[in-house]
Amino acid sequence: MLTQTDKALELAERLGGERDGEFAPSGVPISEIARNFGTPFYLYHGETIVGRVRRVREAVGTEVSYSVKANPSLGVCQLIAREREAGAEVASSGELAVALAAGFEPEDIVFAGPGKTDDELRRVVEAGIFADNVESLGEIDRLAKIAKAMGREIGVGLRINPTAQLMGSQMRMGGTVGQFGIDQAELREAVEKTLSHPELILRGIHVYTATQVFEVEPLLEHCRNIFEIALEAADYAGGPLEMIDFGGGFGVPYFEKMSEFDLERFGEGFRELLNAYRTDPRLEGCRFLFELGRYLVADSGVYVTRAVDVKQTRGKTFVVTDGGMNHHLTATGNMGQVFRKSYPLLNLTRMSGVPEEGVAVAGPCCTPLDMFGSNISLADPEVGDLIGVFYSGAYGFSASNLGFLSHPAPAEVLLWRGEAHLLRAGGKPEDVLDGQEPLES
Ligand SMILES: Cc1ncc(COP(=O)(O)O)c(C=O)c1O
Numbered sequence: 001m002l003t004q005t006d007k008a009l010e011l012a013e014r015l016g017g018e019r020d021g022e023f024a025p026s027g028v029p030i031s032e033i034a035r036n037f038g039t040p041f042y043l044y045h046g047e048t049i050v051g052r053v054r055r056v057r058e059a060v061g062t063e064v065s066y067s068v069k070a071n072p073s074l075g076v077c078q079l080i081a082r083e084r085e086a087g088a089e090v091a092s093s094g095e096l097a098v099a100l101a102a103g104f105e106p107e108d109i110v111f112a113g114p115g116k117t118d119d120e121l122r123r124v125v126e127a128g129i130f131a132d133n134v135e136s137l138g139e140i141d142r143l144a145k146i147a148k149a150m151g152r153e154i155g156v157g158l159r160i161n162p163t164a165q166l167m168g169s170q171m172r173m174g175g176t177v178g179q180f181g182i183d184q185a186e187l188r189e190a191v192e193k194t195l196s197h198p199e200l201i202l203r204g205i206h207v208y209t210a211t212q213v214f215e216v217e218p219l220l221e222h223c224r225n226i227f228e229i230a231l232e233a234a235d236y237a238g239g240p241l242e243m244i245d246f247g248g249g250f251g252v253p254y255f256e257k258m259s260e261f262d263l264e265r266f267g268e269g270f271r272e273l274l275n276a277y278r279t280d281p282r283l284e285g286c287r288f289l290f291e292l293g294r295y296l297v298a299d300s301g302v303y304v305t306r307a308v309d310v311k312q313t314r315g316k317t318f319v320v321t322d323g324g325m326n327h328h329l330t331a332t333g334n335m336g337q338v339f340r341k342s343y344p345l346l347n348l349t350r351m352s353g354v355p356e357e358g359v360a361v362a363g364p365c366c367t368p369l370d371m372f373g374s375n376i377s378l379a380d381p382e383v384g385d386l387i388g389v390f391y392s393g394a395y396g397f398s399a400s401n402l403g404f405l406s407h408p409a410p411a412e413v414l415l416w417r418g419e420a421h422l423l424r425a426g427g428k429p430e431d432v433l434d435g436q437e438p439l440e441s
C-alpha cells in the first residue's frame, strides 16, 4: 500500500515530474508559475483531464457527463466542452450559465438537484436542455406549468431513489430516506404524471445515490437494478426510453490505505450488462450516460501555497502557509469528514530533499481546524517553499469558504499544451470591500 508521500510523488510524476529538483508540470517550473500569478493558486493540468474523460468513455462504452459542481471554473469546462468528450451535468442555474458559456450543447446538458426554484426551471426551459432530472412529483407539475406559460416543451428525466441501497460507498444520497429523487414506489405515478403534461417529453430515468464508490461488484449490481427500473418505466410509458443516466460516484483515493477505483474491471462488467440490455426494444435509441465529477478532474489539480513561517514548538515542526481551509475546505477535512486525514502533500520546491517526518502543515485562519495535516512527511521545509496539495482538481476553490478571515482568493491556472493560462486572477486584500455598502450616517 502506497504512503501518502508515494502517492503524491506518483501524482506529480503523472503531471510532468520535476526539473532541477522542483516540481515542473508539463516541464514548466512551479516557481515560474508562482512568480507569474502569485500564491496561493490552483493548478489544473488539461491533458490529464481530457485523458481521463476519454479513458472513462472507452472503459464504460457510454456517454459521459461532467458534473460541473466538481470544478465550475469556466476554462476547465471549456476544455471539456471543446474536446467534445463529454456533456455536462449541472445542479444550479449558475452552473447552467457556466455550462452554456463553456460551449456545451443544450442537448448534452442535464440538470439534477433538489430545490430548483421557479426561476431556475424557467432558465432550464429557456435553454432547452436535454433533461431536467426532476426530484419530486411536485417538480414535475411546476416544470409543466412554467413550460406551458412559456409556450415551450422540455425534456424530463425522473430521478429515482431506488429501494435497494448501493453498498460499498462512502456517502449515500439514495436507497435511504432523504431529499433526493422520487421513491421507486412512485415510479408509475411519476411516469404517468409526466406523460399527462403535453409540454413535457419523458426522456428516461436518472439514479444517483452515492459518491466515493470503490467496490466494483456492488456498483455493477446497482447498474443492473437501474436497467430494470428503466424497463419498468418504459412499460408504464408504453414506449422506449431516450435516456438512462446511471449517476456514477467513482471514487478517488485521497487518503492513506485507499487504492484506485478499478475502472477497467468495472467497464468490462458494465459493457457486458449494456450489451445484454441495449437490444431490448424498450431501450431502442436510448442514450446511456454516467455523470462524474471528482473522478474526471481531482487528480489533475494541485493547490499550491507558500510557506510563510516554519517554526518549532515543543519538538514539532509547523509549516504555516499563505492559504488553508479558506481556499481548500475539503483538504483540511472540514467538509463534514468524520475522521480528518490528510491529502497527499509535497514540498514542491525540494522534490528530492530529505523528508522530515511528523511535520504539521497549517493555514493562516486562526483556528486549529485550519490544518492540511499534523503528521506529514515533508522535505526540508523552509520559509518561501511551495507546498503542493494533490488531488485538488475537484471540490477545491468552489467548495471553500473564500470569505473566511478575509484573505484574498487564490488564482486558478490551467496548464494546457505546455502553457500556463490564467483562468482567474488571485484576489487582493481590498476585495473584501467589494459589493459592500458603507453606512452613510
Ligand atoms: C446528482 C449528482 N451527480 C453527480 C455528482 C458528482 O459526484 P462525484 O464528484 O463524486 O462524481 C453529485 C455529487 O454530489 C451529485 O449529487
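Going by this note's numbering, the letters in the sequence shown line up with residues 1 to 441, in that order. Beta carbons are placed, not taken as given, at the ideal position from N, Cα and C, and that holds for glycine. Bear in mind the structure is a predicted one, so any value in this text is a computation, not a measurement.
Exercise. Check whether the Cβ of Arg294 sits closer than 6 Å to any heavy atom of ligand 1, and report yes or no.
Key: yes
Quiz prompt | Element boundaries [beta strand (DSSP E), containing Val338] | solution = Val338 -> no beta strand (DSSP E), and no H or E assigned at all.
Quiz item: Quick one: is the Cβ of Thr211 within less than 6 Å of any heavy atom of ligand 1?
Solution: yes
Quiz prompt | Burial state of Val124 (16 or more Cβ within 10 Å) | solution = buried
Quiz item: Does the beta-carbon of Arg340 have 16 or more other beta-carbons within 10 angstroms, so that it is buried, or is it exposed?
Solution: exposed
Exercise. Helix, strand or coil for Glu22, going by three-state DSSP, please let me know.
Key: strand
Quiz item: At a cut-off of 6 Å, is Tyr208 close to ligand 1 when judged by its beta-carbon and the heavy atoms of the ligand?
Solution: yes
Practice problem: Compute every distance between the C-beta of Ala399 and the non-hydrogen atoms of ligand 1, then say whether any falls below 6 Å. | Solution: no
Exercise. Please report how far the alpha carbon of Leu2 lies from the alpha carbon of Leu137, in whole angstroms.
Key: 47 Å
Exercise. Can you tell me which of the three DSSP states Asn36 falls into?
Key: helix
Quiz item: Going by the C-beta, is Ala86 closer than 6 Å to any heavy atom of ligand 1?
Solution: no
Quiz item: Phe227: which of Ala70, Asp280, Thr211 sits nearest, CA to CA?
Solution: Asp280
Quiz item: Taking the continuous beta strand (DSSP E) assigned at His222, which residues delimit it?
Solution: It is not in any beta strand (DSSP E) - His222 instead sits in the alpha helix (DSSP H) that spans 216–237.
Quiz item: Any heavy atom of ligand 1 within a distance shorter than 6 Å of the CB on Ala331?
Solution: no
Exercise. Would you give the residue range spanned by the alpha helix (DSSP H) that Phe266 belongs to?
Key: 263–277
Quiz item: Roughly how many whole angstroms lie between the Cα atoms of Val413 and Tyr44?
Solution: 6 Å
Quiz item: Under 7 Å, do Pro162 and Gln184 count as touching if we go by C-beta distance?
Solution: yes
Quiz item: Who are Glu58's beta bridge partners in DSSP?
Solution: Beta-bridge pairing links Glu58 to no other residue.
Self-check item: Euclidean distance between Cα positions of Ser67 and His222
Solution: 20 Å
Quiz item: If you draw a straight line from the alpha carbon of Val319 to that of Val64, how long is it in whole angstroms?
Solution: 40 Å
Quiz item: Where does Met150 fall in DSSP's three states?
Solution: helix
Practice problem: Confirm the yes/no value for this check: CB of Ala298, any heavy atom of ligand 1, distance under 6 Å. | Solution: no
Quiz prompt | For Ser92, the three-state DSSP class (helix, strand or coil) | solution = coil
Quiz item: Cβ of Gly157 within 7 Å of Cβ of Arg203?
Solution: yes
Quiz item: The beta strand (DSSP E) with Tyr303 in it runs from where to where?
Solution: 301–313
Practice problem: Give the straight-line distance between the Cα atoms of Glu13 and Gly27, rounded to the nearest whole angstrom. | Solution: 11 Å
Practice problem: Please report how far the alpha carbon of Ala88 lies from the alpha carbon of Arg82, in whole angstroms. | Solution: 12 Å
Quiz item: CB of Glu291 to nearest heavy atom of ligand 3: below 6 Å?
Solution: Ligand 3 is not among the ligands present in this structure, which contains only ligand 1.
Exercise. Determine which residues share a DSSP beta bridge with Ser67 and list them.
Key: Glu89
Quiz item: Taking 6 Å as the cut-off, is the CB of Ser67 close to at least one heavy atom of ligand 1?
Solution: yes
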